[in-house]
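S.K.: Counting with my numbering, you get residues 1 to 163 for the letters of the sequence shown. Ideal Cβ positions, reconstructed from N, Cα and C, are used throughout, including at glycine. Since we're looking at a predicted model, the values are computed, not measured.
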Amino acid sequence: MSRASLTQAAATVEWKTLGFFAGLFIIVGALVSVGALEAVSRWLISVIGTDINVISISLLAFSGIVSGIVDNIPYVTSMIPVIFNLNDALGLSEPSVLWWALATGADFGGSLTVVGASANIVGVAIAHREGIKLSMWDYAKVGIPVTLLSLLATVPYFLFVIN
């Protein structure tokens, strides 16, 4: 590969995105190192208890709400160590229902608001470019009920199928 080819290739890299993810993983690693995320796990067990059904449904709901407010990727990245700690504390084997609750809640929660997922932001930007006015509230009027119904529809699955 020539120097010009390398320069062209480097110019097409999304450096800001790579920097964001590098920073995110460093922050999560630091939180793990200082024991902050383990403390979150212990706190969750003290508040919710050790019933796996209660924990999985609470995690599903919490993930759905938080992922609608914060983009899915930072939320899930920060929750991975928490799930590992919860699994250890509860004596659950891998993969546990908690992983499914995290993934399902974060996935459905991304539809709650425009900022819930990067694809939503892109979709709204394309709509605006095409002359379609779509406000955050316009999106939320559809996103909130669809997300809540989706999360509610998964509760029986978690209670009767996965567990």
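Are F160 and V97 close, meaning C-beta to C-beta below 9 Å?
M.R.: no
S.K.: Would the region 65 to 81 and the region 25 to 43 be scored as touching if the rule is three or more Cβ pairs under 8 Å?
M.R.: yes
S.K.: Assuming G143 and T113 make a contact with CB atoms under 8 Å, what is their CB distance in whole Å?
M.R.: 6 Å
S.K.: Does the distance from the CB of R42 to the CB of N85 come in under 9 Å?
M.R.: Cβ atoms of R42 and N85: closer than 9 Å.
S.K.: My assumption, with CB atoms under 8 Å, is that P74 sits in contact with L24. Please give the rounded CB distance.
M.R.: Their Cβ separation, rounded to whole angstroms, is 6 Å, which keeps P74 and L24 in contact under 8 Å.
S.K.: Using only the alpha-carbon positions, how far apart do G64 and T7 sit?
M.R.: Cα to Cα, the separation comes out at about 42 Å.
S.K.: In its own chain, which residues sit with a C-beta less than 6 Å from the C-beta of S67, not counting the 5 before and 5 after it?
M.R.: Within the same chain, S67 has close Cβ partners Y75, A106, G109, G110 and G116.
S.K.: Quick check on W100: buried or exposed, where buried means 16 or more other Cβ atoms within 10 Å of its Cβ?
M.R.: buried
S.K.: Starting from K141 and walking both ways along the alpha helix (DSSP H), at which residues does that stretch end?
M.R.: M136 to P156
S.K.: Residue range of the alpha helix (DSSP H) that L159 falls in?
M.R.: Where L159 is concerned, there is no enclosing alpha helix (DSSP H), given that its DSSP letter is neither H nor E.
S.K.: Quick one: give me the first and last residue of the alpha helix (DSSP H) that K16 is part of.
M.R.: W15 to S33
S.K.: Spatial neighbours of L60 within its chain, please: CB distance less than 7 Å, with the 5 preceding and 5 following residues excluded, ordered by chain position.
M.R.: Within its own chain, the residues whose Cβ lies closer than 7 Å to the Cβ of L60, once the five positions on either side in sequence are excluded, are A101, T104, G105, L151, T154 and F158, listed in chain order.
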